[in-house]
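First residue of the sequence shown: 47, per this note's numbering; consecutive thereafter. By construction, the Cβ of each residue, glycine as well, lies at the ideal position given by its N, Cα and C atoms. Notes follow once the structure below has been shown.
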Amino acid sequence: IKPNRRVMIPPKLYLPTSTLNFNNIMSSESVSPAAFYANRRFGYKRFEKVAPNNLDNLILLYDKYPIFDINDKELENYPLVIEVDTQDMPDDCAQEKEGVFFTSKTIYLNPFSTRIIFRNETERTASLSKAEPSIETKLIPLYQGQLVVLPDDVETFEWYPTKINDLPIYDNYAVSSDIAINKLKGMLYGYLLGANESSSKEIV
47 IKPNRRVMIP
57 PKLYLPTSTL
67 NFNNIMSSES
77 VSPAAFYANR
87 RFGYKRFEKV
97 APNNLDNLIL
107 LYDKYPIFDI
117 NDKELENYPL
127 VIEVDTQDMP
137 DDCAQEKEGV
147 FFTSKTIYLN
157 PFSTRIIFRN
167 ETERTASLSK
177 AEPSIETKLI
187 PLYQGQLVVL
197 PDDVETFEWY
207 PTKINDLPIY
217 DNYAVSSDIA
227 INKLKGMLYG
237 YLLGANESSS
247 KEIV
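Structure follows, in structure tokens:
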């Protein structure tokens with residue numbers, strides 16, 4: 047990543063993806079470049095790419111909510127956009143062109159500042175109903191207030207295709223970091239659950 051592309055980043059960035067990735071995202075509380083998923087040795091092995099975020103080794107984000115469609119007649123596959131507080135962005139986040147930003151590292155969600163934005167209530171309800179039976183998405187209640195239908199306060203734009211170059215290879219160090227963080231999170235969640243189970247109801 048070229049250092050001279052580093053610019054002032056706005057307070058919020060918008061990451062376009064698909065509702066097919068909802069369980070994947072909620073199970074790891076993160077979004078990684080698509081190439082990471084086959085190489086990180088935990089969780090889902092594949093990440094569904096969408097036209098506004100179609101690279102293998104970079105995540106693309108926008109300074110406004112991108113309006114786009116997914117033409118999939120076989121699956122319940124709808125646009126989903128994640129609003130990321132840029133204080134939670136990796137330190138390599140930079141600007142590719144006006145309004146378009148990128149990172150080669152994983153973005154970790156924050157239940158206090160990340161909003162997961164559905165286009166309408168029907169698509170929100172359908173995604174949540176599919177996630178409900180999955181034990182991997184057990185943390186959804188933590189994000190319940192952040193799973194929203196497109197709010198009026200979000201500025202939008204009609205996305206259109208542009209040519210943005212990918213990195214030739216993924217960031218292997220970032221994948222290794224993902225693996226380590228996943229193990230630490232598992233240990234922490236296990237400890238907290240165990241502590242709660244062994245405490246009285248009043249203390250919990």
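Taken in chain order, the unbroken stretches of alpha helix (DSSP H) that lie wholly in the region 171-208 and span 4 residues or more are 186-189. Spanning the alpha carbons of residue 211 and residue 191 requires a straight line of approximately 36 Å.
Residue 154 is bridged by DSSP to 76. For residue 60, the pairing in a beta bridge is given by DSSP as 108, 129.
The three-state secondary structure of residue 229, taken from DSSP, is helix. When rounded, the separation of the alpha-carbon atoms in residue 98 and residue 240 is 42 Å.
Taking C-beta atoms under 8 Å as the contact rule, residue 132 and residue 55 qualify, at a distance of about 5 Å. The region 161-181 and the region 87-107 do not touch, with fewer than three beta-carbon pairs separated by less than 8 Å.
Taking 8 Å as the cut-off, the Cβ atoms of residue 164 and residue 106 do not count as close.
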